[in-house]
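**Student:** In terms of this note's numbering, the sequence shown opens at residue 2 and continues consecutively.
Heads up, the beta-carbon is just placed ideally off N, CA and C, and yes, glycines get one too.
Quantities reported herein were computed from a predicted structural model and do not represent experimental measurements.
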Amino acid sequence: MKRSRLVAIFVGVFALSMTLAAYQQPPAAPQPTRPIDVQKLKDNLYVLTTSTCCEPATFSGGNVAVFITDTGVTLVDTKLVAWGPALLDAVKKVTSKPVTTIINTHTHGDHTGNDDKFGAAVEIVAHENTKTNMEKMDAFKGEKTQFLPKKVFKDKLTVGSGKDRIDLYYFGAGHTNGDAFVVFPALRTLHTGDMFAWKDAGGCDRANGGSCIAFPQTLARVVATIKDVDTVIPGHSPMMTPKDLQEYQRFMADLAAHAQAANKAGQSVDEAFAAFKVDKYPGYKNERVKTAIQAVYDELKK
Ligand SMILES: [Zn+2]
Numbered sequence: 002m003k004r005s006r007l008v009a010i011f012v013g014v015f016a017l018s019m020t021l022a023a024y025q026q027p028p029a030a031p032q033p034t035r036p037i038d039v040q041k042l043k044d045n046l047y048v049l050t051t052s053t054c055c056e057p058a059t060f061s062g063g064n065v066a067v068f069i070t071d072t073g074v075t076l077v078d079t080k081l082v083a084w085g086p087a088l089l090d091a092v093k094k095v096t097s098k099p100v101t102t103i104i105n106t107h108t109h110g111d112h113t114g115n116d117d118k119f120g121a122a123v124e125i126v127a128h129e130n131t132k133t134n135m136e137k138m139d140a141f142k143g144e145k146t147q148f149l150p151k152k153v154f155k156d157k158l159t160v161g162s163g164k165d166r167i168d169l170y171y172f173g174a175g176h177t178n179g180d181a182f183v184v185f186p187a188l189r190t191l192h193t194g195d196m197f198a199w200k201d202a203g204g205c206d207r208a209n210g211g212s213c214i215a216f217p218q219t220l221a222r223v224v225a226t227i228k229d230v231d232t233v234i235p236g237h238s239p240m241m242t243p244k245d246l247q248e249y250q251r252f253m254a255d256l257a258a259h260a261q262a263a264n265k266a267g268q269s270v271d272e273a274f275a276a277f278k279v280d281k282y283p284g285y286k287n288e289r290v291k292t293a294i295q296a297v298y299d300e301l302k303k
């Protein structure tokens, strides 16, 4: 083949792929500007971070746990779709073994965005309500339905055995109505998903069955049931301890009680927000407190 013809084909393919890329990506899709940071927690457990909200170019989605076993790799969550290539790179950095299982802590796109990037044979596991919530997402329609969870659970599910065992728990509504708590017993580590995203009010996604009133009750069950851990992987912040989780339960209980009392007293959401004291919780922010109070008010309306 003549060189000029090769060049013409190359230019043609390039132009076509540019057009396809432009067509497939909404113009505002935030593109990553950096790789995903990797933190080693144990010999066979890593966390892929770069998960602190909200600058689009540097926010890759929720913390991903990479659990490496003799037979394959389990991921907990899969970040935002735009970060697919960066996620694959980060996983490759820590293991050459194939991903065989994906656990989704809940339905949101910053936790399920790349469920389809590891092949059709991967077993995807989630709470049964999360599967129902995912079925409503455009990302899991058409031929993508094959990447919906294949294995679901209601209250508890154990995957694997011995040092490879993973326990999944469901304790009730909170961030959504399908939040899984994922425990690696041999490594004494718990992934909370967005039931403990940060030291600020939790998000309560009422459209997906979330509840700011139930949130602290659900966390109280977690604290009472999951005992043998020393490391907590939160949804969107640096690693935490069980003590941090207990404090978070108290914070969310305080907030829910405060909002319900303010509502009963006829206060506005603004008044309730102004009267909520965040300073008794060191290191806490109140950037999401008003939204959570609003969620409680909305819930009380129905
Ligand atoms: Zn979420």
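#1: Where does S52 land, buried or exposed, given buried means 16+ other C-beta within 10 angstroms?
#2: Quick check for students: name the residue ranges of the alpha helix (DSSP H) that lie wholly in the stretch 94 to 152, counting only runs of 4 or more.
#3: Given this structure, state the Cα-to-Cα distance separating A127 from G284, to the nearest angstrom.
#4: For a quick check, are the C-beta atoms of R176 and H107 less than 8 Å apart?
#5: Name the DSSP beta bridge partners of M241, please?
#6: Would you list the residues whose beta-carbon is nearer than 5 Å to any heavy atom of ligand 1, in the order they occur in the chain?
#7: Does the stretch 135 to 149 come close enough to the stretch 163 to 177 that 3 or more CB-CB pairs lie under 8 Å?
#8: When DSSP labels each residue in this structure, what does T79 get in the three-state scheme?
#9: Can you tell me where the alpha helix (DSSP H) holding Y298 begins and where it ends?
#10: Go ahead and label Q250 buried or exposed: buried means 16 or more other beta carbons lie within 10 angstroms of its beta carbon, across all protein chains shown.
#11: Cα-Cα, which of H259, N130, Q218 and K145 is closest to A121?
#12: Among all the DSSP beta bridges, which residues are the ones paired with F182?
#13: When you compare the CB positions of K281 and D201, do they come within less than 8 Å of one another, or not?
#14: Return the first residue and the last residue of the alpha helix (DSSP H) that L220 is part of.
#15: Please name the residue, chosen from L149, P239, V160 and F172, that lies closest to W199 on a Cα-to-Cα basis.
#16: On the three-state DSSP scale, how would you describe F154?
#17: What are the boundary residues of the alpha helix (DSSP H) that F1 is part of?
#18: Helix, strand or coil for K305, going by three-state DSSP, please let me know.
#19: Can you tell which of T131, W84, K142 and G161 has its C-alpha closest to the C-alpha of T72?
#20: Helix, strand or coil for G161? Go by DSSP, reduced to three states.
#21: At what residues does the beta strand (DSSP E) containing G175 begin and finish?
#22: Can you tell me the Cα-Cα spacing of V290 and F216, whole angstroms?
**Tutor:** So, from the data block:
#1: If you number the sequence shown from 1, residue 52 lands on position 51. With 16 or more other Cβ atoms within 10 Å, it is buried.
#2: The stretch 94 to 152 contains these whole alpha helix (DSSP H) runs: 110 to 113 and 129 to 136.
#3: As a working mapping, residue 127 is identified with position 126 in the sequence shown. As a working mapping, residue 284 is identified with position 283 in the sequence shown. So the two alpha carbons sit approximately 32 Å from each other.
#4: Here residue 176 refers to the residue found at position 175 of the sequence shown. Here residue 107 refers to the residue found at position 106 of the sequence shown. Per the sequence presented here, residue 176 reads as His, with Arg not at that position. Yes, these two residues count as a Cβ contact at 8 Å.
#5: Counting from one through the sequence shown, the residue named residue 241 turns up at place 240. In the DSSP output, where bridge partners are listed per residue, M241 has V233.
#6: Going along the chain, the residues that qualify are H109 and D195.
#7: The answer is no - the stretch 135 to 149 does not touch the stretch 163 to 177, with fewer than three Cβ pairs under 8 Å.
#8: Mapped onto the sequence shown, residue 79 falls at position 78. Of the three classes helix, strand and coil, the one that applies to T79 here is coil, per DSSP.
#9: On the sequence shown, position 297 is the one that residue 298 refers to. V290 to K302 is the span of the alpha helix (DSSP H), which, as asked, contains Y298.
#10: The sequence position of residue 250 within the sequence shown is 249, counting from 1. Its Cβ being crowded by 16 or more others within 10 Å, Q250 is buried.
#11: For the purposes of this step, residue 121 is identified with residue 120 of the sequence shown, where counting begins at 1. Per the Cα distances, K145.
#12: Within the sequence shown, numbered from 1, the residue matching residue 182 stands at position 181. In the DSSP output, where bridge partners are listed per residue, F182 has Y170.
#13: Numbered from 1 along the sequence shown, position 280 holds the residue referred to as residue 281. Numbered from 1 along the sequence shown, position 200 holds the residue referred to as residue 201. No, these two residues do not count as a Cβ contact at 8 Å.
#14: By 1-based counting over the sequence shown, the position of residue 220 is 219. Counting along the chain, the alpha helix (DSSP H) containing L220 begins and ends at F216 to T226.
#15: Locating residue 199 in the sequence shown gives position 198, where the first residue counts as 1. Of L149, P239, V160 and F172, the residue nearest in Cα terms is P239.
#16: Taking the first residue of the sequence shown as 1, we reach residue 154 at position 153. Secondary structure of F154 (DSSP, three-state): strand.
#17: Nothing in the structure corresponds to residue 1, since the chain is present only between 2 and 303.
#18: Since the first and last residues shown for the chain are 2 and 303, residue 305 lies out of range.
#19: One-based indexing of the sequence shown puts residue 72 at position 71. Distance check between T72 and each of T131, W84, K142 and G161 places G161 closest, using alpha-carbon atoms only.
#20: Numbered from its first residue, the sequence shown carries residue 161 at position 160. DSSP places G161 in coil when its eight states are reduced to three.
#21: As a first step, residue 175 is located in the sequence shown; it is residue number 174 there, counting from the start. Element bounds for G175: n/a, residue is neither H nor E.
#22: Locating residue 290 in the sequence shown gives position 289, where the first residue counts as 1. Locating residue 216 in the sequence shown gives position 215, where the first residue counts as 1. Distance from the CA atom of V290 to the CA atom of F216, rounded to whole angstroms, is 14 Å.
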